[in-house]
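Heads up, the thing below is written out as structure tokens.
Residue numbers (my numbering): 23 to 380.
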């Protein structure tokens with residue numbers, strides 16, 4: 023009995039010792055405060071490393087940016103030098119027209135070549151001078167498209183240009199100027215300089231419908247923007263201007279309501295019924311007040327008209343030309359200002375646009 027009690031006490035002591043051993047800290051485990059300190063150190067090192075890399079990256083970006091700015095500045099300065107050289111060359115050259123053809127007709131070649139002579143500022147012929155010649159190659163309504171060719175002056179400073187016959191009409195120019203270097207091709211200033219300072223001469227091609235026979239009708243509108251059906255003042259004014267410029271077989275029609283309705287298909291049907299095969303083309307449009315008439319001074323009035331016209335081949339209903347213009351008339355009465363706008367300004371501008379546009 024005593025022996026059993028002794029064994030029981032020993033087992034209890036052993037179990038208690040083992041339990042205490044398990045509850046104690048492992049031999050290799052750091053205290054909590056030490057772990058926290060180690061984590062903070064690692065975090066600081068990572069932050070410092072990141073800041074260092076960011077600083078290096080920022081400095082590299084700064085160097086690259088400064089290098090880019092420096093190169094861009096050099097490019098701009100070089101382009102400005104090239105541009106100034108182009109301007110100086112342009113201004114030091116003198117170009118004289120030796121021969122220039124008269125206006126031709128659409129579909130026919132010019133009756134003679136364009137011939138120019140290149141001279142220096144002392145009026146001496148410039149030999150082997152490369153010159154850019156820009157000339158029209160196509161047109162869409164009032165937009166003209168150009169092409170360039172490079173010509174070289176001969177022993178007497180002459181250059182010549184023989185354009186091919188065209189399938190369009192236009193009232194434009196030939197431009198002559200020094201060869202543009204590649205770096206200036208996209209320069210924003212170069213076109214302004216060409217338009218203002220390059221040598222130019224007329225390049226005119228008239229419509230081939232002057233003697234084809236046609237009809238026209240312009241619908242006038244009053245100050246309230248209502249169509250006028252009792253007269254055709256603008257139609258008569260344009261008709262007279264076309265006849266004075268050589269048009270034959272052209273007459274006026276009275277389709278004011280149909281034009282105002284805006285049904286082009288029906289309008290053209292009615293024109294064909296009335297004219298048959300007599301009219302090759304039909305010119306129609308509207309003439310409206312662009313803004314209310316204004317008395318600008320005592321006994322001085324101002325009227326601004328806006329006119330839009332369309333030119334159609336009646337056989338195919340093809341619209342071959344359209345344009346819109348605005349003109350301003352002046353007079354000592356409102357009626358006088360209106361007549362000035364219509365009879366002295368609008369009809370002259372429209373006639374020229376039709377001659378070189380249709």
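Positions of the beta carbon are idealized from the N, C-alpha and C atoms, including for glycine.
For this session: Return yes when at least one heavy atom of the ligand PLP lies under 7 Å from the C-beta of residue 280, else no.
Result: Judged by which ligands are present, the structure shown has none, so any question about the ligand PLP falls away.
Exercise. Among 356, 340, 349, 221, which has the Cα closest to the Cα of residue 109?
Worked result: What you label residue 109 is simply residue 87 of the chain shown in a count that begins at 1. Among 356, 340, 349, 221, the Cα nearest to that of residue 109 belongs to 221.
Problem set entry | Buried versus exposed, by CB contacts within 10 Å (16 or more), residue 241 | One-based indexing of the chain shown puts residue 241 at position 219. Flag for residue 241 reads buried.
Problem set entry | 3-residue-minimum beta strand (DSSP E) runs that sit fully inside the stretch 132-219, ordered along the chain | 136-141, 152-162, 165-174, 180-183, 192-200
For this session: Mark residue 304 as exposed unless 16 or more other C-beta atoms lie within 10 angstroms of its C-beta, in which case mark it buried.
Result: On the chain shown, position 282 is the one that residue 304 refers to. Label assigned to residue 304: buried.
Problem set entry | N-terminal and C-terminal residue of the alpha helix (DSSP H) that residue 354 is part of | Taking the chain shown and counting its residues from 1, the one referred to as residue 354 is at position 332. Counting along the chain, residue 354 falls outside any alpha helix (DSSP H), and DSSP gives it neither H nor E.
For this session: Verify whether the separation of the beta carbon atoms of residue 233 and residue 271 is less than 8 Å.
Result: By one-based count along the chain shown, residue 233 stands at place 211. By one-based count along the chain shown, residue 271 stands at place 249. Yes, they are a contact pair.
Exercise. Which ranges would you report for the alpha helix (DSSP H) in the stretch 262-296 if only whole runs of at least 4 residues count?
Worked result: 278-283
For this session: Give the secondary structure of residue 258 by DSSP, where H, G and I count as helix, E and B as strand, and everything else as coil.
Result: For this step, residue 258 is matched to residue 236 along the chain shown. Here residue 258 sits in helix by DSSP.
For this session: Inspect the beta-carbon positions of residue 274 and residue 373 and report whether they are closer than 8 Å.
Result: Taking the first residue of the chain shown as position 1, residue 274 is located at position 252. Taking the first residue of the chain shown as position 1, residue 373 is located at position 351. No, the Cβ-Cβ distance between residue 274 and residue 373 is not below 8 Å.
Problem set entry | Supposed contact pair residue 279 and residue 251 - C-beta distance, whole angstroms, cut 8 Å | The residue labelled residue 251 in the question sits at position 229 within the chain shown. The residue labelled residue 279 in the question sits at position 257 within the chain shown. The Cβ separation is near 6 Å, so the contact holds.
For this session: For residue 57, count neighbouring C-beta atoms within 10 Å of its own C-beta (all shown protein chains included) and say buried if the count is 16 or more, exposed if not.
Result: Counting from 1 along the chain shown, the entry for residue 57 is found at position 35. The predicted position of residue 57 is uncertain, since its pLDDT is 49 and thus under 50; no value can be drawn from it.
For this session: Determine contact between the stretch 118-129 and the stretch 207-226, defined as no fewer than three beta-carbon pairs at a distance below 8 Å.
Result: Because the criterion of three Cβ pairs below 8 Å is met, the stretch 118-129 and the stretch 207-226 touch.
Problem set entry | residue 126 - DSSP class collapsed to helix/strand/coil | To locate residue 126, count along the chain shown from 1; it is residue 104. If DSSP states are grouped into helix, strand and coil, residue 126 belongs with the strands.
Problem set entry | Where residue 42 falls: helix, strand or coil (DSSP) | Position 20 of the chain shown, counting from 1, holds the residue named residue 42. Low confidence applies to residue 42: its pLDDT is 45, below 50, so where it sits in the model is not reliable enough to give any reading.
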